[in-house]
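The opening position of the sequence shown corresponds to residue 1 in UniProt numbering, with each subsequent residue numbered one higher.
By construction, the Cβ of each residue, glycine as well, lies at the ideal position given by its N, Cα and C atoms.
Computed from a predicted model, the values in this text were never measured in an experiment.
Input: a single structure, listed below in structure tokens.
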Amino acid sequence: MNKQTNMLLLISIIAISLAAILVKLSNAPSSVISMNRMFIAVILLVPFAYRYKKEIFKLNLKDFLYLVLAGLFLALHFGLWFGSLKLTTVASSTVILSLQPIIAVYDTNKSNPDNSLNHYYKLIYFCNRVSGELTTSVETSSVKYFGINNLPELSTKRNTTKQIKECFENRTNHTIIE
Numbered sequence: 001m002n003k004q005t006n007m008l009l010l011i012s013i014i015a016i017s018l019a020a021i022l023v024k025l026s027n028a029p030s031s032v033i034s035m036n037r038m039f040i041a042v043i044l045l046v047p048f049a050y051r052y053k054k055e056i057f058k059l060n061l062k063d064f065l066y067l068v069l070a071g072l073f074l075a076l077h078f079g080l081w082f083g084s085l086k087l088t089t090v091a092s093s094t095v096i097l098s099l100q101p102i103i104a105v106y107d108t109n110k111s112n113p114d115n116s117l118n119h120y121y122k123l124i125y126f127c128n129r130v131s132g133e134l135t136t137s138v139e140t141s142s143v144k145y146f147g148i149n150n151l152p153e154l155s156t157k158r159n160t161t162k163q164i165k166e167c168f169e170n171r172t173n174h175t176i177i178e
């Protein structure tokens with residue numbers, strides 16, 4: 001690599017490394033911060049996209065929709081991650097974020113997955129109520145906490161009871177690897 005490439009790489013690494021700290025210092029809502037980050041990325045990438053505009057316009061509808069879906073998941077990722085920085089330390093949030101691929105591989109190896117694609121859409125969230133009451137809204141028809149002994153039907157259709165118990169145990173014991 002030449003000096004210019006090395007310099008750009010160094011600047012990129014520094015910018016990415018400071019992102020969580022700068023977000024933590026900001027008073028703006030996480031949705032605004034993630035929108036600003038995506039907007040800046042668009043501005044920086046438009047010149048490169050313009051260079052390949054013929055190829056971009058040749059994309060079929062299916063591929064274009066996949067690109068839009070990927071963008072929506074990226075926006076969701078930033079919104080949730082930046083939101084987590086308001087609730088925990090930068091170090092904890094970054095460690096949790098960095099461990100996602102390891103947890104996914106660990107879960108795949110532990111659960112003897114079948115070959116269906118649905119296996120890889122398994123999502124389990126552990127939430128702590130910070131304040132307020134459990135209420136319903138436009139986005140939810142019912143809000144409930146549940147424990148390992150009273151799993152809702154939806155949970156056991158998508159995930160095995162054994163997998164959910166392992167998640168509860170790992171959460172309680174603060175461990176990922178046996």
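Whose C-alpha, out of 31, 13, 11, 47, is nearest the C-alpha of residue 77? It is 31.
Can you tell me the Cα-Cα spacing of residue 75 and residue 68, whole angstroms? Here the C-alpha atom of residue 75 lies approximately 10 angstroms from the C-alpha atom of residue 68.
Supposed contact pair residue 81 and residue 93 - C-beta distance, whole angstroms, cut 8 angstroms: The beta carbons of residue 93 and residue 81 sit about 7 angstroms from each other, so the pair counts as a contact at 8 angstroms.
Is the beta carbon of residue 79 closer than 8 angstroms to that of residue 34? Closer than 8 angstroms, so yes.
For residue 165, three-class secondary structure by DSSP: Residue 165: helix per DSSP, three-state reduction.
Residue 29 - containing alpha helix (DSSP H), residue span: DSSP places residue 29 in no alpha helix (DSSP H); its state is neither H nor E.
Considering residue 56, what are the terminal residues of the alpha helix (DSSP H) in which it resides? DSSP places residue 56 in the uninterrupted alpha helix (DSSP H) bounded by 53 to 57.
Along the chain, where does the alpha helix (DSSP H) that runs through residue 65 open and close? Here the alpha helix (DSSP H) through residue 65 covers 61 to 85.
Can you tell me whether residue 46 is buried or exposed? The criterion is at least 16 other CB atoms within 10 Å of its CB, across all chains shown. Residue 46 sits exposed, since fewer than 16 C-beta atoms from the chains shown fall within 10 Å of its C-beta.
Whose CA, out of 15, 87, 25, 29, lies closest to the CA of residue 40? Of the candidates 15, 87, 25, 29, the one whose C-alpha sits nearest the C-alpha of residue 40 is 15.
Determine the DSSP secondary structure at residue 180, reduced to helix, strand or coil. A question about residue 180 goes unanswered here, because the residues of the chain that appear run from 1 up to 178.
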